[in-house]
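Enquirer:
There are 2 protein chains.
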Amino acid sequence: MLPRANHTLPMPTFVSAFCQLASLTDSAITDLKGMLHTKSYDKGEKLLSYGERCKRLYFIDEGLTKTFFSNESKEFIMRFFSEYALFTVVDSFTAQTPSHYEILALEKTSVTYINQQDLEALCKKHHCIESAFRKLLSIATTNMMKRISEMLEENATERYNRFLRDNGQLLQRISLGDLSCYLGITQVSLSRIRSGK
Amino acid sequence: MLPRANHTLPMPTFVSAFCQLASLTDSAITDLKGMLHTKSYDKGEKLLSYGERCKRLYFIDEGLTKTFFSNESKEFIMRFFSEYALFTVVDSFTAQTPSHYEILALEKTSVTYINQQDLEALCKKHHCIESAFRKLLSIATTNMMKRISEMLEENATERYNRFLRDNGQLLQRISLGDLSCYLGITQVSLSRIRSGK
DNA sequence: TGTATTATTTATCATTTGTAAAAAAACATC
DNA sequence: GATGTTTTTTTACAAATGATAAATAATACA
Chain A
1 MLPRANHTLP
11 MPTFVSAFCQ
21 LASLTDSAIT
31 DLKGMLHTKS
41 YDKGEKLLSY
51 GERCKRLYFI
61 DEGLTKTFFS
71 NESKEFIMRF
81 FSEYALFTVV
91 DSFTAQTPSH
101 YEILALEKTS
111 VTYINQQDLE
121 ALCKKHHCIE
131 SAFRKLLSIA
141 TTNMMKRISE
151 MLEENATERY
161 NRFLRDNGQL
171 LQRISLGDLS
181 CYLGITQVSL
191 SRIRSGK
Chain B
198 MLPRANHTLP
208 MPTFVSAFCQ
218 LASLTDSAIT
228 DLKGMLHTKS
238 YDKGEKLLSY
248 GERCKRLYFI
258 DEGLTKTFFS
268 NESKEFIMRF
278 FSEYALFTVV
288 DSFTAQTPSH
298 YEILALEKTS
308 VTYINQQDLE
318 ALCKKHHCIE
328 SAFRKLLSIA
338 TTNMMKRISE
348 MLEENATERY
358 NRFLRDNGQL
368 LQRISLGDLS
378 CYLGITQVSL
388 SRIRSGK
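Quick note, the sequences are listed as chains A and B, same order. What the first sequence shows, in our numbering, is residues 1 to 197, in sequence order. What the second sequence shows, in our numbering, is residues 198 to 394, in sequence order.
1) When the cut-off is 9 Å and only beta carbons count, does residue 19/A lie next to chain B?
2) Rounded to the nearest angstrom, what separates residue 361/B and residue 229/B at their Cα positions?
3) Can you tell me the Cα-Cα spacing of residue 220/B and residue 94/A, whole angstroms?
4) I'd like to know whether the C-beta of residue 345/B is nearer than 9 Å to at least one C-beta of chain A.
5) Assuming residue 171/A contacts residue 190/A under a Cβ cut-off of 8 Å, what Cβ separation, rounded to an integer in Å, is found between them?
6) Flag residue 262/B as yes if its beta-carbon sits less than 9 Å from any beta-carbon of chain A, otherwise no.
7) Tell me the DSSP secondary structure of residue 228/B in three-state form.
8) Closer than 9 Å, CB to CB, is residue 337/B near chain A or not?
9) Measure the Cβ-Cβ separation of residue 357/B and residue 376/B and say whether it is below 9 Å.
10) Mind checking if residue 153/A is an interface residue toward chain B, Cβ cutoff 9 Å exclusive?
11) From 278/B, 354/B and 331/B, pick the residue whose C-alpha is nearest to that of residue 393/B; which is it?
12) Counting only the same chain and skipping the five closest in sequence on each side, list residues whose C-beta sits under 8 Å from that of residue 119/A.
13) Just the C-alpha distance for residue 198/B and residue 207/B, rounded to the nearest angstrom, thanks.
14) Taking only beta carbons into account, state which residues of the segment 262-286 of chain B come closer than 7 Å to chain A, listed in chain order.
15) Could you give the first and the last residue of the continuous beta strand (DSSP E) run that contains residue 258/B?
16) Taking just the CA atoms, how far does residue 279/B sit from residue 215/B?
17) Looking at chain B, which residues of the segment 89-122 of chain A have a Cβ within less than 7 Å of any of its Cβ atoms?
18) By the criterion of Cβ-Cβ separation under 9 Å, what are the contact partners of residue 330/B in chain A?
19) Residue 99/A and residue 50/A look like a contact to me (Cβ under 8 Å); what is the Cβ gap, rounded to whole Å?
20) Tell me whether the beta-carbon of residue 313/B lies closer than 9 Å to the beta-carbon of residue 251/B.
21) Residue 302/B and residue 365/B look like a contact to me (Cβ under 8 Å); what is the Cβ gap, rounded to whole Å?
22) How would you label residue 92/A, buried or exposed, when you count the other beta carbons within 10 angstroms and need 16 or more for buried?
23) Does DSSP put residue 198/B in a helix, in a strand, or in coil?
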């Protein structure tokens, strides 16, 4: 976990993260709070399995997860999510279709979540909640576009260096095997890059 | 343009595309129609330049565009959009920030569009319009995730074959240079793949 | 038609990345 | 501390892709 600049600052929460997306009415905040659940996962536990419908929008209170998919032989990591991230598997969550992706806890992880049906109902009831959720989706799209741009423009060495720059803190918590799956290269290749040859 | 199965079917329009995302009230449809504009671009004209704020959500009535960015030496194509596609540059449009991406007409292209401010106002006024827009964003995210998955899992040959499968019709309308910029390989490499060596 | 321009292919060589197997290092457990 | 397991690195070789330059094909247009 990142050291917080001022420990008197309140810890980010699902609600505070949502409020940052769009300003919410008091009544919306009350209703939102009423729909939240919490859950803990051990290291290695799955939050979502292949083929399952993703029913939850997650906020990580503590811990680290990866969203990934696999073929016969290899694994491919879409993203890591750590403390204070708000995330889901967008396509499965939105359309309630079987997920092509899985979510796994890389550490003991505590989450706060809301169920898809409850969020959908809140969107209907509170326009501001739908606005916040829309904002979240536009941020998600933006992040994905950045990732595509980087994959197009940069080679493996540049992508590794960018990861160090943008996610240096995570490096200590992620195995190099997982990092290579995220970068889209083999672990051997990543090891080569790190050794600077 | 794809031959339409039954030519008595009405042509897709901005409004019909939007209605497919979420059901709109009559009053929302009326307001939406009142905010639409049309414009034509010659082949080679830019719909959006680097650093400009993307102010419009576009629907293509006819023609073909590419969304791309460049560094000193190379160009990278995010996506092609052809008839009946609804699109914008999400980050620039949503946050009204300078765009890292450009949009260029690859053919004479006619669009229907709505201005960001007008859409934002409509989202405020009509909950159903915001729902439709949210749906559009979740589809955009899903498309981006698919693209990332493919870039991670597939090599250049597989990506080319997938493009043929998914966008075969476009192949006739896109230069192989542009296709290589989309696939993330050089034109020489694409030529090699096509020749099957 | 002829010419200029652009797009595509081919050839050659360098670099990057992948594959497979083994070695080394780090970690966990008894 | 000894042992077994997992992670990471190293090595050697193969395959894919990039860079450059030249050849060919397609297109535009005077």
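Glycine included, every Cβ here is placed at the ideal spot set by N, Cα and C.
Expert: In terms of the structure at hand:
1) Your numbering for residue 19/A matches position 19 in the first sequence. No, residue 19/A does not count as interfacial toward chain B.
2) Counting from 1 along the second sequence, the entry for residue 361/B is found at position 164. Counting from 1 along the second sequence, the entry for residue 229/B is found at position 32. Rounded to the nearest angstrom, the two C-alpha atoms are 36 Å apart.
3) The sequence position of residue 220/B within the second sequence is 23, counting from 1. The sequence position of residue 94/A within the first sequence is 94, counting from 1. Our two residues, residue 220/B and residue 94/A, have alpha carbons roughly 16 Å apart in a direct line.
4) To locate residue 345/B, count along the second sequence from 1; it is residue 148. Judged by the 9 Å Cβ criterion, residue 345/B is in contact with chain A.
5) Here residue 171/A refers to the residue found at position 171 when the first sequence is read from its first residue. Here residue 190/A refers to the residue found at position 190 when the first sequence is read from its first residue. Actually they are not in contact, since the Cβ atoms of residue 171/A and residue 190/A sit about 12 Å apart, beyond 8 Å.
6) Along the second sequence, read from residue 1 onward, the residue named residue 262/B stands at position 65. Not an interface residue.
7) Your numbering for residue 228/B matches position 31 in the second sequence. In the structure shown, residue 228/B sits in a helix (DSSP, three-state: H, G or I).
8) The residue you call residue 337/B lines up with position 140 of the second sequence. Look at residue 337/B: its C-beta is under 9 Å from a C-beta on chain A.
9) The sequence position of residue 357/B within the second sequence is 160, counting from 1. The sequence position of residue 376/B within the second sequence is 179, counting from 1. In this structure, residue 376/B lies closer than 9 Å to residue 357/B by Cβ.
10) Along the first sequence, read from residue 1 onward, the residue named residue 153/A stands at position 153. Residue 153/A counts as touching chain B.
11) Taking the first residue of the second sequence as position 1, residue 393/B is located at position 196. For residue 393/B, the nearest C-alpha among the options comes from 354/B.
12) Taking the first sequence and counting its residues from 1, one reaches residue 119/A at position 119. Cβ within range, chain order: 35, 57, 129 and 133.
13) Here residue 198/B is taken as the residue at index 1 of the second sequence, counted from 1. Here residue 207/B is taken as the residue at index 10 of the second sequence, counted from 1. Unreliable placement is indicated for residue 198/B, whose pLDDT of 49 sits below 50; the coordinate value is still reported in the next sentence. Take the alpha-carbon of residue 198/B and the one of residue 207/B: they are about 15 Å apart.
14) Within the segment 262-286 of chain B, the residues whose Cβ lies closer than 7 Å to some Cβ of chain A are 266, 268, 273 and 275, listed in chain order.
15) Indexing the second sequence from 1 puts residue 258/B at position 61. Its beta strand (DSSP E) spans residues 253-259.
16) Here residue 215/B refers to the residue found at position 18 of the second sequence. Here residue 279/B refers to the residue found at position 82 of the second sequence. One C-alpha to the other measures close to 16 Å.
17) Contact residues of the segment 89-122 of chain A toward chain B are 90, 91 and 94 (C-beta to C-beta distance below 7 Å).
18) Here residue 330/B is taken as the residue at index 133 of the second sequence, counted from 1. What residue 330/B touches in chain A: 134.
19) Residue numbering aside, residue 99/A sits at position 99 when the first sequence is read from its first letter. Residue numbering aside, residue 50/A sits at position 50 when the first sequence is read from its first letter. Contact between residue 99/A and residue 50/A holds: their C-beta atoms lie close to 7 Å from each other, under 8 Å.
20) Here residue 313/B corresponds to residue number 116 of the second sequence, with the count starting at 1. Here residue 251/B corresponds to residue number 54 of the second sequence, with the count starting at 1. At the C-beta level, residue 313/B and residue 251/B come within 9 Å of one another.
21) Reading the second sequence from its first residue, position 105 is the one you call residue 302/B. Reading the second sequence from its first residue, position 168 is the one you call residue 365/B. The C-beta distance from residue 302/B to residue 365/B rounds to 22 Å, too long to fall under 8 Å, and the pair is not in contact.
22) By 1-based counting over the first sequence, the position of residue 92/A is 92. Answer is buried; the Cβ neighbour count reaches 16.
23) In the second sequence, counting from the first residue as 1, residue 198/B sits at position 1. Interpretation of residue 198/B is limited by its pLDDT of 49, a score under 50 that renders its predicted location unreliable; no figure is taken from the coordinates.
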